[in-house]
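Each residue of the sequence shown is one higher than the one before, counting from 2 in my numbering. Some notes on the structure that comes next.
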Amino acid sequence: MRVLVLGGSGRTGKLIVEEALERGHQVTALVRKAGSLDARPGLTLVEGTPLERRDVDRAITATKDEPSIIISALGQTRTSGNPWAAVTSPPRFMADSINNAIAAANVHSIHKIIVMNMFGAGSSWQNLNFLMKGTMKWSNMAQTLEDQNLVDEIVKNSGLTFVLARPAMLKGDLPLPIKQYGDEGEGCGFMPSISAKSVAIFLLDAAEQEHWDGKTPVLSN
């Protein structure tokens, strides 16, 4: 299977690329700079941005065997991990990128997209604790939440087979056991977290299997 990874040079994206290659898949990664990932057998790097539709098309057609699945690890960025740190991404970075990916998928007959969303987006908001709700509403994470909610809506209405994974707060990089809490995160606990490696493992499982198709599972460790 060939996979197109968007956001492949980010924290979780690099682990997705690594996990896919370890499983024997072929990977195309659309990245801003080719040097952001080490060259490896089975990995094709295409420089560009998912905000440009033509760059997504170039990534899809970069190899003779075009990708059959798109995995997005895109996320809003800030100058630091502090929720009040200045935002460095456009307001609709993820939504506009996913729109481009879906449009390209329809042209190139890619029928499945897997997106790293977040716990708190869409219908999972109701099960987020009050501290995180306040932080997301009043800090610079508000832009992330708004963008992720747009992604949730866009993907569900795309006509593609989709999986919208909703990981809890990212913490650590060890491959820990994954807990799933349905589409809305009921019973996920007060301050759940999940490692970036666990998210990467789940997204590749979702690419290989049909069990989560059409679902929005909330994930933690």
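We treat Cβ as the ideally placed atom computed from N, Cα and C, and that holds for glycine. The structure displayed is predicted, hence computed values, not measured ones.
Three-way DSSP call (helix, strand, coil) for residue i in this model
i: Gln27; result: strand
i: Met2; result: coil
i: Ser1; result: Outside the modelled stretch of the chain, which goes from 2 to 222, sits residue 1, for which no answer is possible.
i: Leu175; result: coil
i: Ala166; result: strand
i: Ala74; result: coil
i: Glu48; result: strand
i: Phe191; result: coil
i: Ser221; result: strand
Sequence-distant residues of its chain with Cβ nearer than 7 Å to residue i (five each side left out)
i: Val57; result: Leu31, Pro51, Asn101, Ala102 and Ala105
i: His1; result: In this structure the chain extends from 2 to 222, so residue 1 is not present and cannot be described.
i: Val156; result: Ile99, Ile114, Val116, Phe163 and Leu165
i: Met119; result: Gln149, Arg167 and Pro168
Environment of residue i [buried if 16+ CB atoms lie within 10 Å]
i: His26; result: buried
i: Val108; result: exposed
i: Thr89; result: exposed
i: Met117; result: buried
i: Met137; result: buried
i: Thr13; result: buried
Contact set for residue i: own chain, Cβ-Cβ below 8 Å, skip 5 residues either direction
i: Val18; result: Val6, Gly9, Val28, Ala30, Leu38 and Leu44
i: Glu53; result: Asn101
i: Gly82; result: none
Residue i versus residue j - alpha carbon distance
i: Met142; j: Leu129; result: 14 Å
i: Ile99; j: Leu146; result: 15 Å
i: Asp97; j: Pro42; result: 31 Å
i: Asp66; j: Ala60; result: 11 Å
i: Leu220; j: Arg167; result: 6 Å
i: Leu177; j: Asp206; result: 15 Å
i: Ala122; j: Glu23; result: 30 Å
i: Ser110; j: Thr62; result: 12 Å
i: Glu187; j: Gln181; result: 10 Å
i: Gln144; j: Ser69; result: 31 Å
i: Ser194; j: Lys216; result: 20 Å
i: Phe131; j: Ser124; result: 15 Å
Nonlocal neighbours in the same chain, by C-beta distance under 6 Å from residue i, ignoring five residues either side
i: Gln210; result: none
i: Met95; result: Leu75, Asp148 and Val152
Any non-hydrogen atom of the ligand GTP within 7 Å of residue i CB
i: Asp206; result: In terms of ligand content, the structure shown is empty, and the ligand GTP therefore cannot be addressed.
Cβ contact check for the stretch 72-79 and the stretch 7-16: 3 or more pairs under 8 Å: yes
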